[in-house]
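Listed in order, the protein sequences are those of chains R and B. Here the first sequence is numbered in this note's numbering, starting from 1 and rising by one per residue. Here the second sequence is numbered in this note's numbering, starting from 773 and rising by one per residue. Quick reminder that beta carbons are idealized off the backbone N, C-alpha and C, glycines included. These notes concern the structure reproduced below.
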Amino acid sequence: MVAPGALRVVRCGGGALRGARAVFSADSKYLLYVSGDFVKVYSVYTEETLRLIGGHADLVTGIQLNPHNHMQFYSCSLDGTIKLWDFMDGIPIKTFTVGTKLLALFTLASVEDSVFVVIPKSGERDTFQLVSVKLTKGVGQDLEGKELSVVLDDVGASVKHIAFGREGAYVVSVKDVNLQVYFFKRKLLNRFSLSTVKTKGGDNRFSCVVCHPKEDCIATGHADGKIRLWRNFHLKKEYTYSTLHWHHDIVMDLAFTMEGTRLLSGGVESVLVQWHNESSCQKDFLPRLGSPIEYISMASDGVLCCTLHTDNRISIINSNLRFSRSIQGLIKSRDVKTGLVVDPRTKALVLNGEPGHLQFYSLQSDQQLFSLDIVQRQYIHQAGLKQSDLVKVAFSARGTWLATVEESEEVTDPELQLKLWLYNEEIQSFELNTRINTPHDNHITDMCFRDMDELGDDSLILVTTGRDCVFKVWVMVEDTDPEAQQSVSWSCDFVGSYHNYQATNCCFSEDGSLLAVSFEETVTVWDSLTWDLKCTFCHPPGNIRNICFGRLTCSKYLVGATDYGFLCCWNLLTCALEWSAHLNVVVLQPDPLSEHIAAVSWLSKESSLFVFKPNEPWPTYIQRNLCKEKILLAAFVPRDEPEIASSEKYLWLRKSQLFFLTDTQELMTLSTMSLEERLTPSSKQLAVEESLPVTPFSLLLGKHRRQQAQEDIDLGKLVVHNKQEQASPAVKELLHTPAHVLPSASFLCTIFINSLLISKENKSSPVCESNY
Amino acid sequence: MATYKPVVVQACPKLGERITQDTLYWRGYKTPVQIKEFGAVNKIDFSPVPPYNYAVTASSRVGGFSEVFMLLFFSWYHTRRCNALLFCQIHIYGRYSQEPIKTFSRFRDAAYCATYRDDGRLLVAGSEDGSICLFDVSGKAPLRQFEGHTKPVHLVGFLSDKYRVFSGGDDYSSNLWDIPSATEIISYSEHTDYVRCGCASKVNADVFITGSYDHTVKLFDARTKSSVMTIEHGHPVESVLLFPSGGLLVSAGGRYVKVWDVLKGGQLLVSLKNHHKTVTCLCLNSSGQRLLSGSLDRHVKIYSTTSYKVVHSFNYATSILSLALSPEDETIVVGMTNGVLNVKHRKPEEKNENSQKKRQPAYRTYVKGRTYMPKQEDFCVSKPVKRVLRKYDKLLRSFQSSKALDAVMEPPIMLHTPEVTVAVMQELHRRGTLRSALAGRDEKQVNLLLTFVARRVIEPRFTPVLVTVADMITDIYQPVVGQSAIVDKQFLKLQQAIGKEIDYQEELLEVLGMMDTLFATFTKKRDTCLEENKSNGVTEIIQTNRNY
């Protein structure tokens, strides 16, 4: 238990899944994959993350099943340790400390007591070697793994650059244009190299290598999209290779099926290509997988294969190349331009997802709820194209309206579109209502709805600010014709400007009566009924970076942050500066349910959090050194039920929870509880439940129990459950023993009946008396 | 996993007339048939039973409405004599006939307001001399003749019990007649001017309404001695109409069409002013959801009876006096002041004849598997829906840029849906393959491209894309300029088009500048009062534009 004084920073999603290939368990029921410092166990059938295995102090770089025990796996990490785990229970069995950074891990069935790892060569930068580590069989959990023997020198650092051949007879490594094969038995090292001259603009460098599981054949992928199949490589001169070419860009990963008849390849095009019999004429495609393929891994029975994508998604694909299901956590997008927005309807976090899509990410289940296609265009995975993407998102107070802005990447003439979506209850999704082409002549910098709960959504106002020096007010226009197809649409109502300065931010006050728009150095406050300018504030020098109004009791304050490192608070009644503080604020986020405002500052390599009320001169809470990464975005997510605050200091966390997104797209939150408490008991239960044998009788019993529980609740009586019923070994044995080994029913009957009887001392207890 | 997303073609809302369900419906009529009557057509009535013949009453006396009355006053005297001799007729037309299939001509003077009974077997008409004649549609001689009015009778009609006839005359009275005995039941003399229009309730056999030039509409109940309700329309009433439910009443007079709630004691629901001359006739369509009004301004307007907005309008050559719609909206007949009867028939529903000609698959193949009812424990595997992609989408999906551009350079696409061509060009530009798709084309294709660009580059919605395209074409084909006269001519055309557009833009900017100065003078005043309640000294004059 953590003392009530400490507030912990908890990672709750996102991050990089790209550390290593995912691994299927031997029975293909579970999938193990690396997520930052953790290894996650995922059930292929229930699509649920069963277990989060953590213990490494740094990024996990490789996982492999223990070839001698299929319930265990090895993992290696940058912290220099190899750990052996039981993934069903999630407990570490052994830890071997190597001492240097470990970059990739390989195991072989033929080698009993050692594993292979890639380590940096001591004394030289960017040179790596493949070594075998002898795993000593000592007692105790923590062991030393210092017995290293170098197998290959000068290898690539990635797991993709090294492959072990058929039955571990040889090992292949690629680096740049060199391929080296080492035969263990013969202690023979063959080196081959391709010409470095770029032919026809092609790039000959190797990108990945795999070995055929049954034959002596090596498949290599290249940066120019070619795949080469090497044979006869035990001969120095008479080696041959054939070329397969379909990919237009680098081949990211290759995989052979278990029999080696088919070869799978994937790349930037996000198309999984299946080559039959190593011939280039016969191939199948699985196109439009969403994002570039980083790793491909096959299950040992060959039924499933999975692709790990650069945006942290894992797709599971059937053997007949049909898309089966996908694991989607927080999808990593190239750039989160939309900010963190909370959907008022589902309380999900909304941000950029796939290119052109908006992802709705459930914080409770760490899953993507759904992905809304905003741009509605075919995404071409090709470098150097001007793609259009989503840049701004805003929800109305009740979540019935969604406004999105998309623009193309062109700097001079952005192809702008403002789209307004209405939530349709019937199809449970947003439907496009209005599309406005080029709402502004230049980039849109900010957008907000007027949040007015009591008036409902029919008097909605949307404000957009643009770099074309104006802000525009959009209102809903109702079509009075009852026979019209669409009853409402949006149109521009007002265009405001201030001295031809670029408008940068906009914000409505809590009651919706005032609109604050910042124009470079100045904040202007407008009446939202008449669109008159009420007053202006500025705090020179420096442009305004963020503005927000205070809430509830602090609604008379306007808080702004300048990029010159000042946080200012103005009083709207006296029109004067109330206070200012020297703070380089990156993120300014008001809590929608309380007066508190969170400000995240960035000062040379560390982020600090300040929580304050605008009417108090001192911050309520300060946490310095929040994390090493730069925090880009933050959001308050309302809690379903207010948390019981453990101390006065954390009152601000009572109604809503604060989430951060760092520049590595990791989602973090602040929690007063320890990790064990946060884990939901249901997920712990799942693994246990699944291990029970499912017999018709146990199903029947389960149904009966549930019914009984229901009856108990219905009658409203407090039943003291007979603990012995479940705990009785006789019943347990009866349920779990296969029917053909059980003794005759007449023999079992008495034991069974006896076990159901309520014992004497229980009956005589006064509690039971009163209840029955 | 995502499927291929087709190219988004930016649909631009068309300015001007919007294509609605209504416009499509009301456009579905053939070109009109014109029939020349002998005089101004003042009443058209459809038989309520098939084959929906219609009776047309025409007279050259244009005396129906006050405005034209004075204008034609003089010519009226000249023609009067010959009217009495020739034109005292009612014509009955068949649905598709252009000649009258029957004529009633036993009138001493001009006939008015020939109206069918509910069963379509009897016809009643008033006349200039004040008598009312009742005909059997198959016979020739009048069955009954009701004498009582002292002045011309412009309004006759059957009550919904079929045994009584109501009438209104220029002697300001409205009468009720018994058909079997040909006697007057009751006479109301409440109007103070000519009674020229009326209508019987369909739900109550005793109720009828009359509209008069004294600006009122009166509702009569045959069981009472006097009118039950009086509605002040405000203008001489030219036409009245009751909704089939009997709850709403529509009156037309002057330039106004007014809708009244009868059940609320004659409360005005809505007043419509969509014509710019006197509204002369009203009509409901068969479903009762559309109201049609014809006017002297040569227009027929169609209103929705839920929103009372004009959903469509027709244009005619001359002023409209009468209007009728056949049951099921099959035919619109409009009578005009110059005696022309304009008949429009509805186009038959388009049937796909081509598909019928195709050999049908054998019955067994057709039925195979369809009749199988899945049992409860069956797993139903539905067939994957086949998506149909346009040709250019198929080519774009397989990254064939040049061919995709070829596919949208076909003349019909370029001519009728230029947005598709531009959308594909934009998509190619986005993929970075536009240059290679444009390159390597022969004279004919370059000519085609340049014609398209020169014509469309000035359209604001296409400008950003087509400027890039024009840029690339000039870049690519610069070396071959001078080799082909056709291409050179197109280049010159493009130059002209762009030059012209630049001139326009300059002029527009000048106008904008002038307007800005005007706006600046307006906003100055407001800012001074703003500055008074300012305590913060940093205010400046703001220039604001209101965008509507």
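6 Å CB neighbourhood of residue i in its chain, flanking five on each side removed
{"i": "residue 784 of chain B", "result": "1233"}
{"i": "residue 998 of chain B", "result": "none"}
{"i": "residue 505 of chain R", "result": "446, 518 and 547"}
{"i": "residue 149 of chain R", "result": "132"}
{"i": "residue 271 of chain R", "result": "285 and 287"}
{"i": "residue 776 of chain B", "result": "1169"}
{"i": "residue 8 of chain R", "result": "671"}
{"i": "residue 606 of chain R", "result": "625"}
{"i": "residue 1012 of chain B", "result": "969, 971, 981, 983, 989 and 1023"}
{"i": "residue 247 of chain R", "result": "225 and 267"}
{"i": "residue 522 of chain R", "result": "536 and 538"}
{"i": "residue 675 of chain R", "result": "Its pLDDT being 47, under 50, residue 675 of chain R is placed unreliably in this model, and the value from its coordinates should be taken loosely. Here the set comprises nothing."}
{"i": "residue 679 of chain R", "result": "Confidence at residue 679 of chain R is low in this model, with a pLDDT of 43, below 50, so its placement is unreliable and the value that follows should be read with caution. Within the same chain, residue 679 of chain R has no close Cβ partners at all."}
{"i": "residue 560 of chain R", "result": "523, 544, 547 and 568"}
Beta-carbon contacts of residue i that lie in its chain and below 8 Å, excluding the five residues immediately before and after
{"i": "residue 780 of chain R", "result": "This structure does not reach residue 780 of chain R, given that chain R is present from 1 up to 772, and the question cannot be answered."}
{"i": "residue 366 of chain R", "result": "12, 13, 49, 329 and 330"}
{"i": "residue 1245 of chain B", "result": "1210, 1218, 1221, 1222 and 1225"}
{"i": "residue 823 of chain B", "result": "866 and 867"}
{"i": "residue 317 of chain R", "result": "272, 286, 304, 305, 306, 307, 323 and 324"}
{"i": "residue 925 of chain B", "result": "884, 885, 898, 899, 902, 903, 904, 939, 940, 941 and 942"}
Listed by chain order, chain B residues near residue i by CB distance under 9 Å
{"i": "residue 385 of chain R", "result": "1202, 1203 and 1204"}
Own chain partners of residue i with C-beta closer than 7 Å, once the 5 adjacent residues on each side are dropped
{"i": "residue 169 of chain R", "result": "183, 184 and 185"}
{"i": "residue 251 of chain R", "result": "207, 208, 221, 222, 225, 227, 265 and 267"}
{"i": "residue 1196 of chain B", "result": "779, 1164, 1176, 1177 and 1180"}
{"i": "residue 164 of chain R", "result": "106, 108, 171 and 211"}
Nearest candidate by alpha-carbon position, reference residue i, set the options
{"i": "residue 526 of chain R", "options": "R/541, R/494 and R/544", "result": "R/494"}
{"i": "residue 237 of chain R", "options": "R/426, R/192, R/217 and R/584", "result": "R/192"}
{"i": "residue 814 of chain B", "options": "B/1173, B/1054 and B/1159", "result": "B/1054"}
{"i": "residue 630 of chain R", "options": "R/155, R/83, R/529 and R/667", "result": "R/667"}
{"i": "residue 471 of chain R", "options": "R/363, R/442 and R/67", "result": "R/442"}
Where residue i falls, given that 16 or more other Cβ within 10 Å makes a residue buried
{"i": "residue 847 of chain B", "result": "Confidence in residue 847 of chain B is poor, its pLDDT being 43 and thus under 50, which makes the residue's placement too unreliable to answer from."}
{"i": "residue 1285 of chain B", "result": "exposed"}
{"i": "residue 1104 of chain B", "result": "buried"}
{"i": "residue 665 of chain R", "result": "buried"}
{"i": "residue 465 of chain R", "result": "buried"}
{"i": "residue 1148 of chain B", "result": "exposed"}
{"i": "residue 749 of chain R", "result": "exposed"}
Listed by chain order, chain R residues near residue i by CB distance under 7 Å
{"i": "residue 774 of chain B", "result": "288 and 290"}
{"i": "residue 780 of chain B", "result": "376 and 377"}
{"i": "residue 777 of chain B", "result": "376, 377 and 378"}
Residues that residue i contacts on chain B, provided the C-beta gap is smaller than 8 Å
{"i": "residue 783 of chain R", "result": "A question about residue 783 of chain R goes unanswered here, because the residues of chain R that appear run from 1 up to 772."}
{"i": "residue 502 of chain R", "result": "Those do not exist, as residue 502 of chain R stays about 16 Å from chain B at its closest Cβ, beyond 8 Å."}
- Query: Is the stretch 430-437 of chain R in contact with the stretch 382-396 of chain R, if contact means three or more CB pairs nearer than 8 Å?
  - Reply: Fewer than three pairs of CB atoms, one per stretch, sit closer than 8 Å, so the stretch 430-437 of chain R makes no contact with the stretch 382-396 of chain R.
- Is the stretch 149-164 of chain R in contact with the stretch 209-227 of chain R, if contact means three or more CB pairs nearer than 8 Å? Counting C-beta pairs with one atom in each stretch, the stretch 149-164 of chain R and the stretch 209-227 of chain R have three or more that are closer than 8 Å, which means they touch.
- Message: For the structure I just gave you, are there three or more beta carbon pairs, one from the stretch 803-810 of chain B and one from the stretch 1114-1122 of chain B, closer than 8 Å?
- Response: With a cut-off of 8 Å, the stretch 1114-1122 of chain B and the stretch 803-810 of chain B count as touching, because enough Cβ pairs lie within range.
- Item | Segment contact, 8 Å Cβ cut-off, at least three pairs: the stretch 84-92 of chain R with the stretch 109-129 of chain R | The stretch 84-92 of chain R is not in contact with the stretch 109-129 of chain R.
- Query: Hey, is the stretch 23-39 of chain R in contact with the stretch 294-307 of chain R, meaning 3+ C-beta pairs nearer than 8 Å?
  - Reply: The stretch 23-39 of chain R makes contact with the stretch 294-307 of chain R; the number of CB pairs closer than 8 Å reaches 3 or more.
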